[in-house]
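Below: one structure, written as structure tokens.
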């Protein structure tokens with residue numbers, strides 16, 4: 006028997022399509038109250054997954070969320086992606102330095118909130134729904150997985166969505182071949198303060214040195230791409 010669950014179905018662009026609520030039915034009289042939350046959550050997930058599989062198989066939806074907006078099936082990606090494991094640590098950290106240098110130590114990172122925005126169609130980085138989604142992401146994924154998902158969905162400008170497209174658009178090379186200097190310039194596109202390219206590039210590299218992600222000597226040897 007299914008107890009109360011709300012399923013929200015979204016199209017690929019994040020547009021709201023259908024909301025369906027299944028009325029909560031009375032729990033068995035002999036069921037301990039303490040097990041109700043766990044049982045209901047499990048049943049909500051089961052119903053959500055079942056509906057998602059049926060609809061995705063028919064090409065109807067790209068993403069499904071249940072009552073507290075936790076992603077069950079992420080929208081399909083029609084553009085190429087690169088795993089962060091294919092990038093050098095310094096390249097990855099250039100993006101971290103640009104967006105939120107506290108990412109690795111924070112449970113409420115701007116990077117995770119931005120991932121929630123692009124993955125779930127949340128309205129803003131600081132909204133309550135976004136923070137709930139970000140909290141779920143932090144408990145469901147590793148930091149590496151969150152970075153992977155965010156960098157491959159972020160908008161880098163010039164029509165480049167995702168790091169693979171950004172590397173091709175700006176430097177005409179595979180993302181896995183980006184240098185630290187190039188990554189720092191791309192990272193400026195994600196900087197929350199939107200500094201000028203050169204100022205932002207310097208800020209990113211200086212932050213990397215401060216955090217111990219880049220040696221000062223190497224920083225001094227880097228030149229602005231162009």
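Numbering (my numbering), first residue to last: 6 to 231. Think of the CB as a built atom: it goes at the ideal place given N, C-alpha and C, for glycine as much as any other residue. Because the structure is a prediction, the values reported are computed rather than measured.
Please confirm whether residue 158 and residue 185 have their CB atoms less than 8 Å apart.
no
Quick one: which unbroken alpha helix (DSSP H) runs of 4-plus residues sit fully inside the region 149–222? Chain order, please.
168–176, 185–193, 202–215
So the candidates are 214, 183, 201; which of them puts its Cα closest to the Cα of residue 92?
183
Return helix, strand or coil for residue 87, following the three-state DSSP convention.
coil
Span of the alpha helix (DSSP H) holding residue 109?
Per DSSP, residue 109 belongs to no alpha helix (DSSP H) and is neither H nor E.
Using only alpha-carbon positions, find the residue among 196, 176, 200 that is nearest to residue 99.
196
Can you give me the C-alpha to C-alpha distance between residue 143 and residue 223, rounded to a whole angstrom?
33 Å
Contacting residues, own chain, Cβ-Cβ under 7 Å from residue 206 (five flanking each side not counted):
189, 190, 193, 229
In whole angstroms, give me the CA-to-CA distance for residue 137 and residue 226.
42 Å
On the DSSP letters alone, give me the boundaries of the alpha helix (DSSP H) that residue 115 sits inside.
115–125
Would you check if the distance between the CB atom of residue 153 and the CB atom of residue 102 is smaller than 8 Å?
no
Just the C-alpha distance for residue 165 and residue 90, rounded to the nearest angstrom, thanks.
21 Å
Exposed or buried, residue 135, counting other C-beta atoms within 10 Å across all chains shown (16 or more means buried)?
buried
In chain order, what residues of the same chain lie with their CB nearer than 7 Å to the CB of residue 151, ignoring the 5 residues before and after it?
116, 117, 120, 142
At which residues does the alpha helix (DSSP H) containing residue 94 begin and terminate?
94–104
Excluding sequence positions up to five away, which residues of its chain have a Cβ less than 6 Å from the Cβ of residue 42?
Note on residue 42: pLDDT 49, under 50, position unreliable in the model; the coordinate value appears next. Cβ within range, chain order: n/a, list empty.
Sort 161, 108, 201 by Cα distance to residue 147 and report the nearest one.
108
So the candidates are 174, 180, 96, 104; which of them puts its Cα closest to the Cα of residue 86?
180
Residue 228 in three-state terms, based on DSSP:
coil
Work out the CA separation of residue 167 and residue 161 for me, nearest whole Å.
7 Å
What is the DSSP secondary structure of residue 135, counted as helix, strand or coil?
helix
Is the beta carbon of residue 201 sitting closer than 8 Å to the one on residue 106?
no
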